[in-house]
Structure formats: structure tokens, C-alpha cells
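Engineer: So the sequences go chain by chain: A and B.
Sequential numbering from 47 applies to the first sequence in my numbering.
Sequential numbering from 3 applies to the second sequence in my numbering.
Below are the C-alpha cells for one structure; questions will follow.
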Amino acid sequence: MVICPECESSVALAEAPKVSEIVECGGCSVELEVLTVDPVQVVLAPEVEEDWGE
Amino acid sequence: MTAATRPATFAVLASRLRLDEKRILEAFERRGLTYEHVDTRTLWRGLQEGGTPWPVVLNREIGQVRALHAARALEAGGALVVNSAQAVDMCGDKYRTSVALRDAGLPTPRTALALTPEAALDALDSLGYPAVVKPLTGSWGRLVSKLPDRETAATVLEYIAALPSPASHIVYVQELVAKPDRDIRVVVIGGEPVGATYRRCQDFRTNVARGADSVRCPLTAEIAKLASQAALSVGADIAGVDLIEDSSGELLVLEVNHGVEFSGFQRAMGSEISVADHIIDHLVARAQSCFG
Numbered sequence: 047m048v049i050c051p052e053c054e055s056s057v058a059l060a061e062a063p064k065v066s067e068i069v070e071c072g073g074c075s076v077e078l079e080v081l082t083v084d085p086v087q088v089v090l091a092p093e094v095e096e097d098w099g100e
Numbered sequence: 003m004t005a006a007t008r009p010a011t012f013a014v015l016a017s018r019l020r021l022d023e024k025r026i027l028e029a030f031e032r033r034g035l036t037y038e039h040v041d042t043r044t045l046w047r048g049l050q051e052g053g054t055p056w057p058v059v060l061n062r063e064i065g066q067v068r069a070l071h072a073a074r075a076l077e078a079g080g081a082l083v084v085n086s087a088q089a090v091d092m093c094g095d096k097y098r099t100s101v102a103l104r105d106a107g108l109p110t111p112r113t114a115l116a117l118t119p120e121a122a123l124d125a126l127d128s129l130g131y132p133a134v135v136k137p138l139t140g141s142w143g144r145l146v147s148k149l150p151d152r153e154t155a156a157t158v159l160e161y162i163a164a165l166p167s168p169a170s171h172i173v174y175v176q177e178l179v180a181k182p183d184r185d186i187r188v189v190v191i192g193g194e195p196v197g198a199t200y201r202r203c204q205d206f207r208t209n210v211a212r213g214a215d216s217v218r219c220p221l222t223a224e225i226a227k228l229a230s231q232a233a234l235s236v237g238a239d240i241a242g243v244d245l246i247e248d249s250s251g252e253l254l255v256l257e258v259n260h261g262v263e264f265s266g267f268q269r270a271m272g273s274e275i276s277v278a279d280h281i282i283d284h285l286v287a288r289a290q291s292c293f294g
């Protein structure tokens, strides 16, 4: 469990989160990126860029 | 990395681990294969040093520019990158893709490239209406605009002319094919179609990223052949081929995607097909054929 840096809701993570994994905050729907796993830290995920896609 | 004591044969290049990437990493782990997740944002390679830490790299970078340049840098060091820089470059440019599809003799919508927005209006007069204007690069249906008539086209092209980048002023226009409210996504891995889905949406852009839902589509011989030929024509090992049906039921190839997003496809296929496992099978086969 981590705290959303945007709305301070508690956000549940997978049992073994991975660096760069994206999770969504249930409180404010913002996307969070797992920055480190030991300890687990999350930051706001980067905004979608113009060249993102398939 | 699953086994820190051994150098990884495989790297998965991604700045963003979405559900698709997590499925791929889980597939590596299930098989006991050593891999390293490489965050593209941390990558740099010295040209003179040469060599590569990873013989085989799966390119899952979400950003087109970084995906292309990462592939080039890693290939320069001798890595086998899937998809290759050539395929990423080709699929990332709608016009180059259209040329490759045409050269392979595959059916595609009538298309024109105009070198200015003003010339695009003339091109559209030739193509006829309704038509579609698309950015040369871009995905998820972003900025793809339907042009029902000349008046709308002139307005949209005026906006395009006002964009700051010279690259934005190269205009790709295409006939709007009267298709049902669906397209067909075929995932092709190593030349073999692994399945097909209909993507249905009220929006004429039937991208899953725009809310289209995916349901299973029978993989007919015609769909399979067309999709595998399309993937081959752009040199993509792993491809998401988009087909559309015209009013007479004929299939046309719309585009080929190199960074296949398969969450919708996988949901539609259920447990019968595992895209992630197909990808791993292909990487292992390529590694064996290249490095023994």
C-alpha cells in the first residue's frame, strides 16, 4: 500500500510490484509509476506524449 | 532480472510497464528465462565501445522516437532487436507503410501524400469525398479526422497549416472506406497469425485506446494470408495488422503496428491463446537461429 501523491488516498499494489509499473489511484484516477520497490515509492506517471502508441 | 548471478540473454525495453509488458515479464519468469527489464529512459550506448549487454532485445518502448533510436543504438552494438529499427521506422510512418503494402501487391485504401496543406486540397479533389486525413506519424487514432466534404477539408487543413512543425505540413490523405462499425486486428508473430479480433466502436476510429471493444473474429485463410503478408512487407517480426472490410466485403490492409498492444485482443481470446507466450517462443527461436 502506498499513498497517492496527488490525493493522498491509499493505493494497493501488486504483491511484487515492478519498477516502471503503472497503477491507477482509485481515489483520483491519476496514473502512478512505481519508482522504486525497496522501499516502494510511487510518483505521478508521465503525461501521454505525442508519439506514444502502438 | 530473474537470476542476478547470470547475465541476461533477453532484455525487455520499456519505459512504462503496462498490463501487456507485465504479461510478457511473467511469461519469461514462468519459463525460467533470464531477462532484464531496461527502462528506455535510462539507456545510452557508446558507439566506439561496441558490444551489447543483451543479445536479444524485445522493444516494447511506447514512444515512437525512443523506440526507433533505442533499436538503432542497440543494433549498432550487435543486438538482435525485435522489432528491428527498420520495422519501427517503417511502421511509424503511415506513408512508408502504405508504399510497402502497395509494393507487396496488397489491397489498401486509395492514398495520397501532399507536400503542403494547400496541395492536400487538390489531392482530396482527386481522391473524392468522404476522405480521412491522418498525421504521418501517430497512433491510437490521434488527430485522425473525417472529411465529409471540401468545406470541412479546407477548415481542417487550415488548422494543419497553423501547426508549428514543418513535418506536420506533410499531409497524408486517404479515401474513407465505407466499412462496418468495426475493423479486424490480427496479431502476427514470426510470420504466423496467432488470432484475429473484431474491434467495434461507434467512432469511425476503431482503436481500443479510443474505447473500442474486442471480440473474437474467425481467422479465415484470407485474413491469415493478408495479415502475414502485411507484416512481412514492413519487416515486422511482431505486428498488429489492421484490416477493414469495404462495402463489397473485400478486405483492405489499413496499417501495421510494430508495438502491438494486446490487452483487448487477449481479453477476447481468453486462455486459449497467450500472446505473451507466443512472443517469448519467437524470441527464443530467433535467439537460437542467430546465436546458436
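A virtual CB, placed ideally from N, CA and C, is assigned to each residue, including glycine.
Please name the residue or residues paired with B:L254 in a DSSP beta bridge.
Structural biologist: BP columns for B:L254 point to B:I246.
Engineer: Does B:L178 get closer than 8 Å to chain A when you measure Cβ to Cβ?
Structural biologist: Output row for B:L178: interface = no.
Engineer: Residues of chain B with CB closer than 7 Å to the CB of A:I68, please, in chain order.
Structural biologist: In chain order: R18, L19 and R20.
Engineer: Report the option in B:D283, B:A155, B:Y200 and B:V217 whose CA atom is closest to the CA atom of B:P119.
Structural biologist: Among B:D283, B:A155, B:Y200 and B:V217, the Cα nearest to that of B:P119 belongs to B:A155.
Engineer: Would you list, in sequence order, the uninterrupted beta strand (DSSP E) runs of no fewer than 3 residues that lie entirely inside the stretch 30-115 of chain B?
Structural biologist: Those beta strand (DSSP E) runs which fall completely within the stretch 30-115 of chain B and span 3+ residues are 37-40, 58-61 and 82-84.
Engineer: Within 8 Å (strictly less), CB to CB, does B:S100 reach chain A?
Structural biologist: False, the Cβ-Cβ gap to chain A never drops below 8 Å.
Engineer: Taking the alpha-carbon positions, what's the B:G251 to B:G48 distance?
Structural biologist: Roughly 52 Å separates the two Cα atoms.
Engineer: With 8 Å set as the bound, which would you pick, yes or no: does the beta-carbon of A:G72 sit closer than that to a beta-carbon of chain B?
Structural biologist: Not an interface residue.
Engineer: Strictly below 9 Å CB to CB, what residues from chain A border B:K24?
Structural biologist: The answer, in chain order, is A60, K64 and E67.
Engineer: With a threshold of 7 Å on Cβ separation, who are the neighbours of B:K181 within its own chain once the five nearest residues in sequence on each side are excluded?
Structural biologist: The answer, listed in chain order, is I246, E247 and D248.
Engineer: Does DSSP put B:V286 in a helix, in a strand, or in coil?
Structural biologist: Helix.
Engineer: By the 7 Å beta-carbon criterion, what residues does the stretch 84-99 of chain A contribute toward chain B?
Structural biologist: Correct list: E95, D97, W98 and G99.
Engineer: Rounding to the nearest angstrom, what Cα-Cα distance links B:R74 and B:R202 in this structure?
Structural biologist: Spanning the two alpha carbons is a distance of roughly 36 Å.
Engineer: For a test of the three-state rule: what should DSSP assign to B:Q268, helix, strand or coil?
Structural biologist: In this structure, B:Q268 counts as helix in the three-state DSSP scheme.
Engineer: If you draw a straight line from the alpha carbon of B:F12 to that of B:E153, how long is it in whole angstroms?
Structural biologist: Roughly 53 Å between the two C-alpha positions.
Engineer: Indicate whether at least one CB of chain A lies closer than 8 Å to the CB of B:Q268.
Structural biologist: Taking Cβ atoms only, chain A never reaches closer than 8 Å to B:Q268, which makes this a no.
Engineer: Under a three-way DSSP split, which group does B:Y161 fall into?
Structural biologist: Reduced to three states, the DSSP call for B:Y161 is helix.
Engineer: Output the boundary residues of the alpha helix (DSSP H) element that contains B:S141.
Structural biologist: Note, B:S141: premise wrong, no alpha helix (DSSP H); not H, not E.
Engineer: So, with DSSP's three-state summary, where would you put B:G154?
Structural biologist: Note that residue 154 of chain B is Thr in the sequence shown here, rather than Gly. Helix at B:T154.
Engineer: Just to make sure I have the definition right: I need the residues of chain A whose C-beta is within less than 8 Å of the C-beta of B:V134. Which are they?
Structural biologist: Within chain A, no residue comes near B:V134; the closest Cβ sits about 17 Å away, beyond 8 Å.
Engineer: Distance, Cα to Cα, B:L228 vs B:T222?
Structural biologist: Between B:L228 and B:T222, the C-alpha separation is close to 10 Å.
Engineer: Verify whether the separation of the beta carbon atoms of A:P51 and A:V86 is less than 8 Å.
Structural biologist: Cβ distance not < 8 Å, so A:P51 and A:V86 don't count as in contact.
Engineer: What does the alpha-carbon distance come out to for the pair A:V69 and B:A122?
Structural biologist: Roughly 42 Å between the two C-alpha positions.
Engineer: Using only the alpha-carbon positions, how far apart do A:V57 and A:V76 sit?
Structural biologist: Answer to the nearest angstrom: the Cα atoms are 11 Å apart.
Engineer: Under 7 Å Cβ-Cβ, which residues of chain A neighbour B:G34?
Structural biologist: Residues of chain A passing the Cβ test: none, with the nearest at roughly 16 Å.
Engineer: Quick check: what's the CA-CA separation for B:H260 versus B:I240?
Structural biologist: Spanning the two alpha carbons is a distance of roughly 6 Å.
Engineer: Classify B:E51 as buried or exposed, calling it buried when 16 or more other Cβ atoms lie within 10 Å of its own Cβ.
Structural biologist: Counting Cβ neighbours within 10 Å, B:E51 comes out exposed, since fewer than 16 surround it.
Engineer: Helix, strand or coil for B:E23? Go by DSSP, reduced to three states.
Structural biologist: Note: B:E23 maps to helix in three-state DSSP.
Engineer: For A:L59 and B:Q66, I'd like the C-alpha separation in whole angstroms.
Structural biologist: Straight-line Cα distance between these residues: approximately 29 Å.
Engineer: Can you give the Cα-Cα distance for B:A226 and B:P195, rounded to whole angstroms?
Structural biologist: So the two alpha carbons sit approximately 6 Å from each other.
Engineer: If you count every other CB in all the chains shown that lies within 10 Å of the CB of B:R18, and 16 or more means buried, which is it?
Structural biologist: Buried, because 16 or more other Cβ atoms sit within 10 Å of the Cβ of B:R18.
Engineer: Identify whether B:I172 lies in helix, strand or coil by the three-state DSSP scheme.
Structural biologist: Correct three-state label for B:I172: coil.
Engineer: Tell me the DSSP bridge mates of A:T82?
Structural biologist: Paired residues: A:Q87.
Engineer: Are the C-beta atoms of B:D307 and some chain A residue less than 8 Å apart?
Structural biologist: In the structure as shown, chain B begins at 3 and stops at 294. Residue 307 of chain B is therefore absent and cannot be evaluated.
Engineer: Quick one: Cα of B:A5 to Cα of B:L45, how far?
Structural biologist: Confidence at B:A5 is low in this model, with a pLDDT of 42, below 50, so its placement is unreliable and no value can be given for it.
Engineer: What in chain A is Cβ-close to B:W142, meaning under 8 Å?
Structural biologist: By Cβ distance, chain A contributes W98, G99 and E100.
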